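Residue numbers (the numbering used here): 19 to 268.
Positions of the beta carbon are idealized from the N, C-alpha and C atoms, including for glycine.
Just so you know, these numbers come straight off a predicted model, no measurement behind them.
All remarks here apply to the structure that follows.
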Amino acid sequence: MTGAASGIGRALAVILAERGATVYAADRDAERLAQLDGTTGIHAVPLDVSDRSAVTAAVDRVVSESGGLDLMFNNAGIVVGGDFAEMTPDAWQRIVDINFWGVVHGTEAAYAQMRKQGHGHIINTSSSAGVMPVVRSAAYAATKHAVVGLSTSLRAEAAEHDINVTVVLPGLVDTNIFSAATNLASYNYGAAVERVPMKKATPRQAAEAILRGVARNDEFIVFPLLNRLVIQLYRAMPKLMGPIVTRGGM
């Protein structure tokens, strides 16, 4: 599981361990990750998901120590916010490396092992920004749209090998991803999110919703309820809902 040092990833790791699973919790934030190490059933794995060979080695370690890989959560992600005109090559490189290539690397490594063992479930975290427009988040939305395309297309292909693929579309969750965002120019992503009139889910609520969807083998896991409704309305009436979901910006 990547992105496990905080937020949804940390909650998933804790809940799965509480349920008796052996969890390998990976994150580049080694200090916060170390707080999980020693928790019954959780093994901390410092990891940079943009490093393909490191991700492959981490999956190989899981298989070597546990004998297989049942679930792979590609959850690591970052946010870059601000006007598109302010995007820099470094900002593009960083968000694509983590949000897109990080998911590709985790999916590749897990899929190879799951084909060998004949089963498994890959769960990739996208966002409501992966299916709807979000102003001043063009780079973030681009990477999250890519995760949706990867996941839904692979789901059809992977079914031939008894492998499930699910994509998660969270609404607002009370994590530090927005306060830790890379802000372009004078933009303040954290303050912008606080102005959105939607109640945030807690990380544990998010994790529980994800695990319910995984148990059902849902193609899309969407939460909370208001987020699901907004996405459904946007898909049905994009011309009407587009101005609504982008009104006022972020």
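When the distance is taken between beta carbons, is Ile181 closer than 8 Å to Arg133?
-> Contact flag set, yes.
Where in the segment 73 to 123 do unbroken runs of the beta strand (DSSP E), each at least 3 residues long, occur, reported from the N-terminal end onward?
-> Along the length of the segment 73 to 123, whole beta strand (DSSP E) runs at least 3 residues long occupy 89 to 92, reported in chain order.
Residues in its own chain within less than 8 Å of Ala52 by CB, not counting five upstream and five downstream?
-> Listed in chain order, the non-local C-beta contacts of Ala52 below 8 Å within the same chain comprise Ala62, local neighbours out to five positions each way being set aside.
C-beta contact flag for Thr20 and Ala44 at 8 Å | Less than 8 Å separates the beta-carbon of Thr20 from that of Ala44.
Under the three-state reduction of DSSP, which class applies to Thr200: helix, strand or coil?
-> In this structure, Thr200 counts as strand in the three-state DSSP scheme.
List the endpoints of the continuous beta strand (DSSP E) containing Ile195.
-> Element bounds for Ile195: n/a, residue is neither H nor E.
Gly138 - DSSP class collapsed to helix/strand/coil | In this structure, Gly138 counts as strand in the three-state DSSP scheme.
Three-state secondary structure assigned by DSSP to Pro64 | Residue state, collapsed to three classes: strand.
Rounded C-beta distance between Phe118 and Ala164? I'm assuming under 8 Å.
-> Indeed, because the Cβ distance is near 5 Å, the residues count as touching under 8 Å.
Tell me where the alpha helix (DSSP H) around Asn245 begins and ends.
-> Element bounds for Asn245: Leu243 to Ala254.
CB Ile26 to CB Pro242, shorter than 8 Å?
-> No; because the gap between Cβ atoms is not below 8 Å, this pair is not in contact.
CB of Pro151 within 8 Å of CB of Ala159, strictly | Taking 8 Å as the cut-off, the beta carbon of Pro151 is found closer than this to the beta carbon of Ala159.
Whole-Å CB distance - Tyr205 paired with Phe196, under 8 Å assumed | The beta-carbon distance between Tyr205 and Phe196, rounded to whole angstroms, is 12 Å. This is too long to meet the 8 Å contact definition.
Can you tell me the Cα-Cα spacing of Asp1 and Ala203, whole angstroms?
-> The structure shown has nothing for residue 1, since the chain only spans 19 to 268.
Which two residues bound the contiguous beta strand (DSSP E) that contains Thr40?
-> Unbroken run through Thr40: none, as it is neither H nor E.
Give the range of the alpha helix (DSSP H) segment to which Val232 is assigned.
-> Counting along the chain, Val232 sits inside the alpha helix (DSSP H) bounded by residues Pro221 to Arg234.
For Gly120 versus Met90, is the C-beta spacing smaller than 8 Å?
-> If you check the CB distance, Gly120 and Met90 do not come in under 8 Å.
When we look at the beta-carbon of Ala22 and count the other beta-carbons within 10 Å, is it buried (16 or more) or exposed?
-> Within a 10 Å sphere around the beta-carbon of Ala22 sit 16 or more other beta-carbons, which makes this residue buried.
Alpha-carbon to alpha-carbon, Ala31 and Asn93 | The alpha-carbon atoms of Asn93 and Ala31 are separated by roughly 11 Å.
Outcome for Arg213 when other beta-carbon atoms lying within 10 angstroms are tallied against a minimum of 16 | Residue environment analysis places Arg213 among the exposed positions, since fewer than 16 neighbouring C-beta atoms fall within 10 angstroms of its C-beta.
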